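Below is one structure, written out as structure tokens; comments come after it.
Protein chains: 2
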Amino acid sequence: MATALAAQAPPPKLGEALTILQSMLGDRLSTAHAVREQHGKDISYHVAGLPDAVAFAESVEEVSEIVKVCARYAIPIIPFGTGTSLEGHIAAPLGGLSLDVSRLDKIVAVHTEDLDAVVQPGVTRKMLNTHLRDTGLFFPIDPGADASLGGMASTRASGTNAVRYGTMRENVMALQVVTPDGRIIRTGGRSRKSAAGYDLTRLYVGSEGTLGIITEVTLRLYGIPEKIAAAVCAFDTLEGAVNSVILTIQLGIPIARIELMDDQQMRILNTYAKLGYPQKNTLFMEFHGTEAGVKEQAEMVHDITSENGGGDFSWTTDAEERTKLWQARHDAAWANKEDSPGWGFWATDVCVPISRLADVILATKEDVQKEQLTAPLLGHVGDGNFHMTIMIKPDDPEYLARIEAVNGRMIERALAAGGTCTGEHGIGLGKMKYLRAEHGESVQVMQDIKRALDPQNIMNPAKIFGPSEGPRAQT
Amino acid sequence: MATALAAQAPPPKLGEALTILQSMLGDRLSTAHAVREQHGKDISYHVAGLPDAVAFAESVEEVSEIVKVCARYAIPIIPFGTGTSLEGHIAAPLGGLSLDVSRLDKIVAVHTEDLDAVVQPGVTRKMLNTHLRDTGLFFPIDPGADASLGGMASTRASGTNAVRYGTMRENVMALQVVTPDGRIIRTGGRSRKSAAGYDLTRLYVGSEGTLGIITEVTLRLYGIPEKIAAAVCAFDTLEGAVNSVILTIQLGIPIARIELMDDQQMRILNTYAKLGYPQKNTLFMEFHGTEAGVKEQAEMVHDITSENGGGDFSWTTDAEERTKLWQARHDAAWANKEDSPGWGFWATDVCVPISRLADVILATKEDVQKEQLTAPLLGHVGDGNFHMTIMIKPDDPEYLARIEAVNGRMIERALAAGGTCTGEHGIGLGKMKYLRAEHGESVQVMQDIKRALDPQNIMNPAKIFGPSEGPRAQT
Numbered sequence: 001m002a003t004a005l006a007a008q009a010p011p012p013k014l015g016e017a018l019t020i021l022q023s024m025l026g027d028r029l030s031t032a033h034a035v036r037e038q039h040g041k042d043i044s045y046h047v048a049g050l051p052d053a054v055a056f057a058e059s060v061e062e063v064s065e066i067v068k069v070c071a072r073y074a075i076p077i078i079p080f081g082t083g084t085s086l087e088g089h090i091a092a093p094l095g096g097l098s099l100d101v102s103r104l105d106k107i108v109a110v111h112t113e114d115l116d117a118v119v120q121p122g123v124t125r126k127m128l129n130t131h132l133r134d135t136g137l138f139f140p141i142d143p144g145a146d147a148s149l150g151g152m153a154s155t156r157a158s159g160t161n162a163v164r165y166g167t168m169r170e171n172v173m174a175l176q177v178v179t180p181d182g183r184i185i186r187t188g189g190r191s192r193k194s195a196a197g198y199d200l201t202r203l204y205v206g207s208e209g210t211l212g213i214i215t216e217v218t219l220r221l222y223g224i225p226e227k228i229a230a231a232v233c234a235f236d237t238l239e240g241a242v243n244s245v246i247l248t249i250q251l252g253i254p255i256a257r258i259e260l261m262d263d264q265q266m267r268i269l270n271t272y273a274k275l276g277y278p279q280k281n282t283l284f285m286e287f288h289g290t291e292a293g294v295k296e297q298a299e300m301v302h303d304i305t306s307e308n309g310g311g312d313f314s315w316t317t318d319a320e321e322r323t324k325l326w327q328a329r330h331d332a333a334w335a336n337k338e339d340s341p342g343w344g345f346w347a348t349d350v351c352v353p354i355s356r357l358a359d360v361i362l363a364t365k366e367d368v369q370k371e372q373l374t375a376p377l378l379g380h381v382g383d384g385n386f387h388m389t390i391m392i393k394p395d396d397p398e399y400l401a402r403i404e405a406v407n408g409r410m411i412e413r414a415l416a417a418g419g420t421c422t423g424e425h426g427i428g429l430g431k432m433k434y435l436r437a438e439h440g441e442s443v444q445v446m447q448d449i450k451r452a453l454d455p456q457n458i459m460n461p462a463k464i465f466g467p468s469e470g471p472r473a474q475t
Numbered sequence: 476m477a478t479a480l481a482a483q484a485p486p487p488k489l490g491e492a493l494t495i496l497q498s499m500l501g502d503r504l505s506t507a508h509a510v511r512e513q514h515g516k517d518i519s520y521h522v523a524g525l526p527d528a529v530a531f532a533e534s535v536e537e538v539s540e541i542v543k544v545c546a547r548y549a550i551p552i553i554p555f556g557t558g559t560s561l562e563g564h565i566a567a568p569l570g571g572l573s574l575d576v577s578r579l580d581k582i583v584a585v586h587t588e589d590l591d592a593v594v595q596p597g598v599t600r601k602m603l604n605t606h607l608r609d610t611g612l613f614f615p616i617d618p619g620a621d622a623s624l625g626g627m628a629s630t631r632a633s634g635t636n637a638v639r640y641g642t643m644r645e646n647v648m649a650l651q652v653v654t655p656d657g658r659i660i661r662t663g664g665r666s667r668k669s670a671a672g673y674d675l676t677r678l679y680v681g682s683e684g685t686l687g688i689i690t691e692v693t694l695r696l697y698g699i700p701e702k703i704a705a706a707v708c709a710f711d712t713l714e715g716a717v718n719s720v721i722l723t724i725q726l727g728i729p730i731a732r733i734e735l736m737d738d739q740q741m742r743i744l745n746t747y748a749k750l751g752y753p754q755k756n757t758l759f760m761e762f763h764g765t766e767a768g769v770k771e772q773a774e775m776v777h778d779i780t781s782e783n784g785g786g787d788f789s790w791t792t793d794a795e796e797r798t799k800l801w802q803a804r805h806d807a808a809w810a811n812k813e814d815s816p817g818w819g820f821w822a823t824d825v826c827v828p829i830s831r832l833a834d835v836i837l838a839t840k841e842d843v844q845k846e847q848l849t850a851p852l853l854g855h856v857g858d859g860n861f862h863m864t865i866m867i868k869p870d871d872p873e874y875l876a877r878i879e880a881v882n883g884r885m886i887e888r889a890l891a892a893g894g895t896c897t898g899e900h901g902i903g904l905g906k907m908k909y910l911r912a913e914h915g916e917s918v919q920v921m922q923d924i925k926r927a928l929d930p931q932n933i934m935n936p937a938k939i940f941g942p943s944e945g946p947r948a949q950t
């Protein structure tokens, strides 16, 4: 995982393939080190594996042609959007071509009457919402980064709104995909439901670029609620905060966002974003609905938090104030880095059935304290999903090994509770052994599918299932 | 499709396989004609293809052992729950074994705190809801029949509540599946979201028994709303009713049910269920929420219907009255059969983006009138899904051909509008050519998956993609 990868020769026919791609793309094919580094290294703890070259595609036809060339010469292809994934998804441990689709950034259609939009994969979530501004509609899925929608589909991303609006699993209606042999196919459709054949849309969503390249995404949109109100509520104990969340979910209150930050995370956010909240375990919440509906929800949740040691709600109904609040939440990764200058971080991501959330969080906190690690906690706790962002002391392998052990125990705890090793980040390079622990024999079925759809193993190889050949050194 | 199937020899090693199964199952293996007929013939227009034998399994281990025997001798396996599917899913055009899982009918666990339940595949939706009665929870998905939950997962079923609660796609969290070589695997999990590997759960949901046999289903449950109110509203024009639905959906009003019945369907239902509603185009609606929330939703919808020529709401808040209302709706297929004694019916099932619903319905009604067919209309119109139940005159091939043509034109219209040939019934034997029209090249990808996971093509062969060998006569 975090260990350096052994040296390996480049793909044998690489030179020939690059010559063809160069004549096709001109200066949109780059072998410059800086470009390769920018495409092979993410902000996670994973060791970079640089691609041999980077291609900047500008149309689906071009993606198809590039893939055909790579298929002919068995060159690995690593799809690239904004590079904001967190489990080494963009690394090229076997070398090959990083296929950057960020220039496919057109919003193809917005069907306001049907509440859907068709976008190219390089469109980011913020670009889409800016474009939608005058329609009264919005797209809710919001991972921390301003990620590309193609990348978000590939990693089955979610974010703070998932508790009410679901994840990319629920919100991708249809896809256009370039297959590993360069065919352009379409999956799904624009009707709200269908029983026509295998659900390929949801097979590609979350397949992390290992089955094909997403070149178009059709997304569900939602009407901007009549009323939106955000509230912040501090608790004396972490348990009180978590139990409030559990009860809110169990009662089926349609809260739009309910995010937990522990006292340490609040201290860091207060400093980073110049906020003045108490340095306590805190819930950030948002209510969507009609005027009356929001009032009713808020009163119900306030009753719950009061009974669990929560203080008064600090309200922000002003749109700008709300944006500031949620931007601070989204910037947590950067805030944590700034708080520990020069340190890296290990973004953990377990998710458990809601009834087990308090146990798993408290046992994990205890473990972190015992190991004397710095690990602010925050989470999409309405989904049972939380992140301990464990800070990595530079150049200290023993320290890293302790983090890896804490992460492993946290995942074991989550799996024992019926949960998952990753709520929203994906497997990438980082969680391959836990995928097997979680899914057992069915990983074989996933691999049967991978082999059937990508027999040469050129699509983002070595991810999810591990390398079938030995990995190769970064250069 | 509706034409008789050509004669074909039984699977070559059938006798040997049945001898082994007989010794394993005793009298739970049947070759009696009546049992085979009950398992090979559904209530649809499809010609029966009887299995050579029927096995009644009582445990997942037994399912696995039966599948291993069939795999060894390459005997087709047709999974059977309640036999209420509508596109010939249970027919055995290539012969083989109907594997009846209705005796796997245990409710394995109800996790009230996490709002989920684990059930065996033979549990029906009504059995589950009866079991849940004292928990304050319910399972919303309700196709017309009291179908088995394994079958509902296999066909990606939905029903009247899907507009608010989604279909089986959204409500199956995890599965246990016996693969075509007899392995027992688990997919998904009990956490609300996960980004761990390929979404096999949603691949098996809707795969119509062609990739394996579902032996356990984990389902999302919901709290019974504080307030439930049902209303009936009659319209002078079909257009007014449909436009009311479109506007309700576009405004994002969280209505729980909104079902359309045309004047002809209302006449039939009034007679069958002894109801006294006006013989007009009518919406049946249901509102779920808090006391105040239901009132607010109902007022908003009433404003919409009034502007579109709808009459006053006739309210039924009493639980028994509501049950009677929805039972009548669910019994529509039977009511239609009783209204045309001796006739069969062709259950159509298109689904379109909501903005196109009025066009497609009105054009289809016109076509039906031109062809002088009897075809009451009803539908889950909040999803854009409707059924023209076209009645089949007995022993009149010319009449049947006209129905087939009308159905074909309706599907073409739906596909041109961006919709699907089947909202909830599935492909089965009936819609194979439309699957290709709808999904084009991606059907090849589906078939690649089918070949990879079931290389012998023994799992419900000839469905979805058509026979790879010639079909064989019913006996």
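In the order they appear, the protein sequences are chains A and B. So in the working numbering, spot 149 of the first sequence is number 149, and the numbers just go up one at a time. In the working numbering, each residue's number is its place in the second sequence (first place is 1) plus 475. From the three backbone atoms N, C-alpha and C, an ideal C-beta is built for every residue, glycine too. Model, not experiment: these values are computed from the prediction.
Cβ separation of residue 88 of chain A and residue 430 of chain A, assumed to be a contact under 8 Å, to the nearest whole Å: Here residue 88 of chain A is taken as the residue at index 88 of the first sequence, counted from 1. Here residue 430 of chain A is taken as the residue at index 430 of the first sequence, counted from 1. A Cβ-Cβ separation of about 6 Å places residue 88 of chain A in contact with residue 430 of chain A under the 8 Å criterion.
Contiguous beta strand (DSSP E) assignments of at least 3 residues, all confined to the region 285-367 of chain A: Taking only runs of at least 3 residues, the beta strand (DSSP E) segments lying wholly in the region 285-367 of chain A are 314-316 and 344-347.
Backbone CA spacing between residue 922 of chain B and residue 940 of chain B [nearest angstrom]: Looking up residue 922 of chain B in the second sequence gives position 447. Looking up residue 940 of chain B in the second sequence gives position 465. Cα to Cα, residue 922 of chain B sits roughly 7 Å from residue 940 of chain B.
Please go through the same chain and pick out, in chain order, the residues whose beta-carbon is closer than 6 Å to the beta-carbon of residue 949 of chain B, but skip the five residues on each side of it. Residue numbering aside, residue 949 of chain B sits at position 474 when the second sequence is read from its first letter. Because the pLDDT of residue 949 of chain B is 36, which lies under 50, any placement of that residue in the model is unreliable, and the number read from its coordinates should be weighed accordingly. These residues qualify, in order along the chain: 523, 524 and 525.
Can you tell me the Cα-Cα spacing of residue 241 of chain A and residue 310 of chain A, whole angstroms? Walking along the first sequence from the start, residue 241 of chain A turns up at place 241. Walking along the first sequence from the start, residue 310 of chain A turns up at place 310. Residue 241 of chain A and residue 310 of chain A: Cα-Cα distance of roughly 7 Å.
Chain B partners of residue 384 of chain A, CB-CB under 7 Å? Within the first sequence, numbered from 1, the residue matching residue 384 of chain A stands at position 384. In chain order: 666 and 667.
Residue 434 of chain A to residue 423 of chain A, Cα distance in whole Å? Reading the first sequence from its first residue, position 434 is the one you call residue 434 of chain A. Reading the first sequence from its first residue, position 423 is the one you call residue 423 of chain A. Taking the straight line joining both Cα atoms gives about 13 Å.
Go ahead and label residue 337 of chain A buried or exposed: buried means 16 or more other beta carbons lie within 10 angstroms of its beta carbon, across all protein chains shown. For the purposes of this step, residue 337 of chain A is identified with residue 337 of the first sequence, where counting begins at 1. Residue 337 of chain A is buried by the Cβ-count criterion.
Going by DSSP in three states, residue 665 of chain B sits in which element: helix, strand or coil? By 1-based counting over the second sequence, the position of residue 665 of chain B is 190. Note: residue 665 of chain B maps to coil in three-state DSSP.
State the beta-bridge partners of residue 877 of chain B as determined by DSSP. Residue numbering aside, residue 877 of chain B sits at position 402 when the second sequence is read from its first letter. DSSP, once it has assigned bridges, lists no residue as partnering residue 877 of chain B.
Just to confirm, are residue 624 of chain B and residue 596 of chain B a CB contact at a threshold of 8 Å? Working through the second sequence from its first residue, we reach residue 624 of chain B at position 149. Working through the second sequence from its first residue, we reach residue 596 of chain B at position 121. The beta carbons of residue 624 of chain B and residue 596 of chain B sit closer together than 8 Å.
By the 10 Å Cβ neighbour count, where 16 or more other Cβ atoms means buried, how is residue 317 of chain A classified, buried or exposed? Taking the first sequence and counting its residues from 1, the one referred to as residue 317 of chain A is at position 317. Flag for residue 317 of chain A reads exposed.
Give the straight-line distance between the Cα atoms of residue 341 of chain A and residue 418 of chain A, rounded to the nearest whole angstrom. Sequence index remark: in the first sequence, residue 341 of chain A carries index 341 (1-based). Sequence index remark: in the first sequence, residue 418 of chain A carries index 418 (1-based). Near 36 Å, if we compare the C-alpha coordinates of residue 418 of chain A and residue 341 of chain A.
Please check the pair residue 689 of chain B and residue 650 of chain B, which I expect to be a contact at CB under 8 Å, by giving their CB distance rounded to whole angstroms. Taking the first residue of the second sequence as 1, we reach residue 689 of chain B at position 214. Taking the first residue of the second sequence as 1, we reach residue 650 of chain B at position 175. Right, the Cβ-Cβ distance comes to about 6 Å (below 8 Å), so this counts as a contact.
Nearest-angstrom Cα separation, counted from residue 771 of chain B out to residue 305 of chain A: Taking the first sequence and counting its residues from 1, one reaches residue 305 of chain A at position 305. Taking the second sequence and counting its residues from 1, one reaches residue 771 of chain B at position 296. Those two C-alpha atoms are separated by around 26 Å.
Could you tell me whether the Cβ atoms of residue 257 of chain A and residue 226 of chain A are closer together than 8 Å? Taking the first sequence and counting its residues from 1, the one referred to as residue 257 of chain A is at position 257. Taking the first sequence and counting its residues from 1, the one referred to as residue 226 of chain A is at position 226. The answer is no: Cβ separation not under 8 Å.
Can you tell me whether residue 631 of chain B is helix, strand or coil according to DSSP? Position 156 of the second sequence holds residue 631 of chain B. Annotated three-state conformation of residue 631 of chain B is coil, per DSSP.
Got a sec: which bits of the region 813-844 of chain B sit with their beta carbon under 9 Å from any beta carbon on chain A, in order along the chain? Taking 9 Å as the Cβ-Cβ cut-off against chain A, the residues of the region 813-844 of chain B that qualify are 824, 825, 826, 827, 828, 829, 830 and 831.
Based on the DSSP output, what are the partners of residue 117 of chain A in its beta bridges? Numbered from 1 along the first sequence, position 117 holds the residue referred to as residue 117 of chain A. In the DSSP output, where bridge partners are listed per residue, residue 117 of chain A has A:110 and A:219.
Run through chain A and tell me which residues come within less than 7 Å of residue 708 of chain B, C-beta to C-beta. For the purposes of this step, residue 708 of chain B is taken as the residue at position 233 of the second sequence. Simply none; closest approach about 21 Å.
From the DSSP output, which residues share a beta bridge with residue 653 of chain B? The count along the second sequence starts at 1 and reaches residue 653 of chain B at position 178. In DSSP, residue 653 of chain B forms a bridge with B:659 and B:688.
Below 8 Å on the Cβ atoms is my contact criterion, and I expect residue 229 of chain A with residue 298 of chain A to pass it. Report the Cβ-Cβ distance as a whole number of Å. Along the first sequence, one-based indexing puts residue 229 of chain A at 229. Along the first sequence, one-based indexing puts residue 298 of chain A at 298. Beta-carbon to beta-carbon, residue 229 of chain A and residue 298 of chain A are separated by about 7 Å, close enough to satisfy the 8 Å threshold.
What's the C-alpha gap between residue 818 of chain B and residue 871 of chain B? For the purposes of this step, residue 818 of chain B is identified with residue 343 of the second sequence, where counting begins at 1. For the purposes of this step, residue 871 of chain B is identified with residue 396 of the second sequence, where counting begins at 1. Note on geometry: alpha-carbon atoms of residue 818 of chain B and residue 871 of chain B lie some 11 Å from one another.
Beta-carbon separation of residue 353 of chain A and residue 666 of chain B under 8 Å? Position 353 of the first sequence holds residue 353 of chain A. Position 191 of the second sequence holds residue 666 of chain B. Contact annotation: residue 353 of chain A and residue 666 of chain B have beta-carbon atoms nearer than 8 Å.
Label residue 348 of chain A either buried or exposed according to how many other C-beta atoms from any shown protein chain fall within 10 Å of its C-beta, with 16 as the threshold for buried. Working through the first sequence from its first residue, we reach residue 348 of chain A at position 348. Buried: at least 16 other Cβ atoms inside 10 Å.
Suppose you measure from the CA of residue 17 of chain A to the CA of residue 697 of chain B; what does that come to, to the nearest Å? Residue numbering aside, residue 17 of chain A sits at position 17 when the first sequence is read from its first letter. Residue numbering aside, residue 697 of chain B sits at position 222 when the second sequence is read from its first letter. Straight across, the Cα-Cα distance linking residue 17 of chain A with residue 697 of chain B is about 55 Å.
Taking all protein chains shown into account, decide if residue 133 of chain A is buried (16 or more other Cβ within 10 angstroms of its Cβ) or exposed. By one-based count along the first sequence, residue 133 of chain A stands at place 133. Counting the other Cβ atoms within 10 Å of the Cβ of residue 133 of chain A gives fewer than 16, which makes it exposed.
Among B:890, B:782, B:797 and B:848, which has the Cα closest to the Cα of residue 835 of chain B? In the second sequence, counting from the first residue as 1, residue 835 of chain B sits at position 360. With distances taken between Cα atoms, residue 835 of chain B lies closest to B:890.
Taking just the CA atoms, how far does residue 764 of chain B sit from residue 750 of chain B? Within the second sequence, residue 750 of chain B is the residue found at index 275, counting from 1. Within the second sequence, residue 764 of chain B is the residue found at index 289, counting from 1. Their Cα atoms are separated by approximately 27 Å.
Residue-level contact to chain B via CB, residue 306 of chain A, 8 Å cutoff: In the first sequence, the residue the question calls residue 306 of chain A occupies position 306. Not one beta carbon of chain B lies nearer than 8 Å to the beta carbon of residue 306 of chain A.
Check each residue of the region 890-916 of chain B: if its Cβ is closer than 9 Å to any Cβ of chain A, include it; give the result in chain order. Residues of the region 890-916 of chain B whose Cβ lies closer than 9 Å to any Cβ of chain A, in chain order: 890, 892, 893, 894, 895, 896, 897, 898, 899, 900, 901, 902, 906, 909, 910, 913, 914, 915 and 916.
Of the residues B:850, B:832, B:846 and B:775, which one's Cα is nearest the Cα of residue 807 of chain B? Your numbering for residue 807 of chain B matches position 332 in the second sequence. The candidate whose alpha carbon is nearest that of residue 807 of chain B is B:850.
Cβ separation of residue 746 of chain B and residue 683 of chain B, assumed to be a contact under 8 Å, to the nearest whole Å: The sequence position of residue 746 of chain B within the second sequence is 271, counting from 1. The sequence position of residue 683 of chain B within the second sequence is 208, counting from 1. Wrong, their Cβ atoms sit about 35 Å apart, outside the cutoff.
Bridge partners for residue 257 of chain A per DSSP, in chain order? Mapped onto the first sequence, residue 257 of chain A falls at position 257. Looking at the DSSP assignment, residue 257 of chain A forms a beta bridge with A:286.
With distances taken between CB atoms, is the gap from residue 79 of chain A to residue 460 of chain A smaller than 8 Å? For the purposes of this step, residue 79 of chain A is taken as residue 79 along the first sequence, with counting starting at 1. For the purposes of this step, residue 460 of chain A is taken as residue 460 along the first sequence, with counting starting at 1. The Cβ atoms of residue 79 of chain A and residue 460 of chain A lie closer than 8 Å to each other.
At the 8 Å Cβ level, is residue 520 of chain A part of the contact set with chain B, yes or no? No information on residue 520 of chain A is available, as it lies outside the stretch 1 to 475 that chain A covers here.
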